[in-house]
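S.K.: Residue numbers (this note's numbering), protein chains in the order written: chain W, 765 to 1058; chain G, 765 to 1058.
All C-beta atoms, glycine included, are put in the ideal place defined by N, C-alpha and C.
These numbers were taken from a predicted model, which means no experiment stands behind them.
Printed below as a string of C-alpha cells:
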C-alpha cells in the first residue's frame, strides 16, 4: 500500500523542522514580489508551526509522491491557513493584535491590506495547486481544498463560531464538535490525505487519522487557552473563558478534556496501522499535538 | 477556426438577457444552502449585469464548447467578480452603502458576514472550475483565474488604487491604464478568452478583443461617474471627482475620453475579424459597453 513502508521513520521534531525550512524557503522564492502586498503575504505565512504543510509532506512521503508535487500542496495549505488567520484577526472578526508573537497584519499595515493580503493568499493557493508539477490528481486536490475551505467547510465553521457568540446559551458538546470539525478539521483532513490523493491511493486511513487528530488539536487549543502562557502561545490566551464562550474545557472540565485528547490521539495512531512502522512520524505528530505548549 | 462560424449571431440584448437568466438559475441551484452565509452569497451574486459571465458563454459558443462546461466557468467568474465587490465595498476599503441599487452586504448583514461571504465566493469559484464537467482544460482555466484575480492581477490593482489615494499627486495616464488593466482588465480578458481555453484553441484574438474592451469599459465607467444618474447606475456617482482622484475623464477631458472609448471599441471589434460574422454578438457587446447608462 505504501511506497515507503519499509523505510526508517525520522524523529518527528526533525521532520517538522525540515518541513518548516523547506516550506519557508519555497515560499520566499514564490512570493518574491517587491511590493507591499507581497511583503504582507510573506509576513502572514511566516512564523507558524506549519503543521498542515508538514502533514502534506509526510503523507506524500508515505505514498511515494515526489517532493516536486508535494511542495506545491504544502505551500497551498499554508497559504489558505494564513489567509484564514489574517481575516479572522480583523477588527470585525476576532479583533486580535497579536499572532505568532507578532502584530497581526491589520496592526502592522492596515485593515485594507489585511483584507487584500488574505484574498490574494487564497487565490495564490489555487494557483500553486494548478501548477503542472502537481500531476494527474491536481483537480481532485483543488476541488477538495475549495470545499474544505469554503462555504461548507472552514468559512462555515467561522460563521457558526461568530453566531455562537450572540446565541442565547452556550453551545453543546455536539455543536462545538461540529463547529470545530468545519473550522479546523476539514483543512487538517485535506492536509493529511493530500499524499494519498496525489498518488491516487485510498485516502480512508489518513482521513480517519486526521479526523481524530483535528479534534484532539482543537481540544489541546482550548486547554492552552486556559493553561497556556501568552508569550509562548504567541497570541492572546484566556479569551474564550473571559468571553464566557463554551469550549471543550468548559463543557468537559480540564481533566476530562485532557483524557479525551489522549483518547483521540490513540484513535489517530490506530488508524495508521495499515502503514506499519512507516507511519511512526505521523503518530509522533499526534502525540506532539496534544502535548504542545504553543 | 470556429465551430460556430457559420451560425446566425443573435442580437446582443437578447443574448445578454439569456446569459443572465441562465447564470442566475444555475446560481440558485448551486448556492441552495439554507444558512445565512449562503443567503449572503446569493445576494452578492444577484442583480449585476453579468457581462463577464456573458463573455464566457459567448466565447464558448464561438468555439463550440458545450454549455455544460461553459456554465461552470460563467458562474465562477461571476462569483469572483461578486467577491471583489463585496470586499471592495467594506468600510476599510471604499466604504460603499449601495451596490446594484441595493444595500451592500456589510450594510444588509454586517462586516464579518461581508468578509466571510466574499471569502467563500472565492473558494466556490475554484470549486466550480474543478468540476469534472469542465473538461480537459480545467487546470489552465483555474491557473488563469487564480493569476488574473490575485496578487499580480485584480487584487494588485485594488492595492494600486488604494495607494493612489494617499500618493503625493494624481496618477498619470500610463499609471491609470496599468492600474485598470489589473483591477478590471485581467478578469475581462479571462472571461472573453475562456471559450478558446476550454476548446484548446488559440486565445490571441479574444485576448486582444478583451484588452481593448476592458479599457473601454473602464473609461465608460469614469464617464458614468461624471455624467451618470445614481439611481440608474445603482451605486454612488461623482465619488472620484469629489475625492480629487485622477480618472480617464480628469486626465483626458470628457470629449477626448469619449473619443478614446470609441476608438477602443473599434479596436476590440477589429480583433474579432478571424471569426467573421459569428462574432457579431461580441462586437455588439463592445458597443454596448461604451454606450451603457448603468
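State yes or no: is the beta carbon of residue 843 (chain W) nearer than 8 Å to at least one beta carbon in chain G?
M.R.: Output row for residue 843 (chain W): interface = no.
S.K.: Measuring only from the beta carbon, is residue 839 (chain W) closer than 7 Å to any heavy atom that is part of the ligand ATP?
M.R.: Absence of the ligand ATP from the depicted structure is noted, as is the absence of any ligand whatsoever, leaving it without description.
S.K.: Listed from N- to C-terminal order along the chain, which residues in the segment 907 to 938 of chain G have their beta-carbon within a distance smaller than 7 Å of any beta-carbon of chain W?
M.R.: Per Cβ criterion, the list reads 907, 910, 911, 913, 914, 915, 919, 920, 922, 923 and 926.
S.K.: Roughly how many angstroms separate the alpha carbons of residue 920 (chain G) and residue 848 (chain G), rounded to a whole number?
M.R.: Taking the straight line joining both Cα atoms gives about 12 Å.
S.K.: If you compare alpha carbons, which of G:956, G:902 and G:910 is closest to residue 1050 (chain G)?
M.R.: Residue G:956 is the option with its Cα nearest to residue 1050 (chain G).
S.K.: Any idea if residue 975 (chain W) is buried or exposed, counting beta-carbon neighbours within 10 angstroms, 16 or more meaning buried?
M.R.: Buried, by the Cβ-count rule.
S.K.: Name the residue from W:999, W:998, W:951 and W:962 whose alpha carbon lies nearest to the alpha carbon of residue 979 (chain W).
M.R.: For residue 979 (chain W), the nearest C-alpha among the options comes from W:951.
S.K.: In whole angstroms, what separates the C-alpha of residue 768 (chain W) from that of residue 857 (chain W)?
M.R.: At residue 768 (chain W) the pLDDT is 44, less than 50, meaning the model places this residue with poor confidence and gives no usable figure here.
S.K.: The alpha helix (DSSP H) spanning residue 1056 (chain W) covers which residue range?
M.R.: Where residue 1056 (chain W) is concerned, there is no enclosing alpha helix (DSSP H), given that its DSSP letter is neither H nor E.
S.K.: Given a limit of 9 Å on CB to CB distance, which residues of the segment 793 to 808 of chain W reach chain G?
M.R.: Those would be 795, 797, 799, 800, 801, 802 and 805, in chain order.
S.K.: Hey, would you say residue 958 (chain G) sits closer than 8 Å to residue 820 (chain G), going by beta carbons?
M.R.: Yes, they are a contact pair.
S.K.: Determine, for residue 879 (chain W), whether the minimum Cβ-Cβ distance to residues of chain G falls below 8 Å.
M.R.: Yes, because at least one Cβ of chain G sits closer than 8 Å to the Cβ of residue 879 (chain W).
S.K.: Counting contacts by CB-CB distance shorter than 8 Å, is residue 856 (chain G) in contact with chain W?
M.R.: True, the Cβ-Cβ gap to chain W drops below 8 Å.
S.K.: Does the distance from the CB of residue 844 (chain W) to the CB of residue 909 (chain W) come in under 8 Å?
M.R.: Result yes, Cβ atoms of residue 844 (chain W) and residue 909 (chain W) sit closer than 8 Å.
S.K.: Check the Cβ-Cβ distances between residue 903 (chain G) and every residue of chain W, and say whether any is below 8 Å.
M.R.: Taking Cβ atoms only, chain W reaches closer than 8 Å to residue 903 (chain G), which makes this a yes.
S.K.: Determine which residues of the segment 889 to 900 of chain W have a Cβ less than 9 Å from any Cβ of chain G, and write them out in chain order.
M.R.: Against chain G - using a Cβ distance shorter than 9 Å - the residues of the segment 889 to 900 of chain W are 889, 890, 891, 892, 893, 894, 895, 896 and 898.
S.K.: Is it buried or exposed, residue 766 (chain W), if we count other Cβ atoms within 10 angstroms and call 16 or more buried?
M.R.: At residue 766 (chain W) the pLDDT is 43, less than 50, meaning the model places this residue with poor confidence; the figure from the coordinates comes in the next sentence. Its Cβ being crowded by 16 or more others within 10 Å, residue 766 (chain W) is buried.
S.K.: Find out if the Cβ-Cβ distance for the pair residue 885 (chain G), residue 836 (chain G) is shorter than 8 Å.
M.R.: For residue 885 (chain G) and residue 836 (chain G), no; Cβs fall outside 8 Å.
S.K.: Is it right to say residue 936 (chain G) is buried, meaning 16 or more other beta carbons lie within 10 angstroms of its own, or is it exposed?
M.R.: By the neighbour-count rule (16 or more Cβ atoms within 10 Å), residue 936 (chain G) is not buried but exposed.
S.K.: Any beta-carbon of chain W closer than 8 Å to the one on residue 944 (chain G)?
M.R.: Not an interface residue.
S.K.: Which ranges would you report for the alpha helix (DSSP H) in the segment 858 to 915 of chain W if only whole runs of at least 4 residues count?
M.R.: Listed in chain order, the complete alpha helix (DSSP H) runs (minimum 4 residues) inside the segment 858 to 915 of chain W are 869 to 872, 875 to 893 and 902 to 913.
S.K.: Relative to the C-alpha of residue 841 (chain G), which residue among G:911, G:867 and G:934 is closest?
M.R.: Nearest C-alpha to residue 841 (chain G): G:911.
S.K.: Three or more C-beta pairs closer than 8 Å, one from the segment 802 to 811 of chain W and one from the segment 927 to 946 of chain W: is that the case here?
M.R.: As far as the Cβ criterion goes, the segment 802 to 811 of chain W does not touch the segment 927 to 946 of chain W, which means the pair count is below three.
S.K.: Only counting the same chain, and skipping five residues up and downstream in sequence, which positions put a Cβ closer than 6 Å to that of residue 770 (chain W)?
M.R.: Reliability of the predicted coordinates at residue 770 (chain W) is poor, the pLDDT of 40 falling under 50, and the value obtained from them is presented with this limitation in mind. Excluding positions up to five away in sequence, the list is empty.
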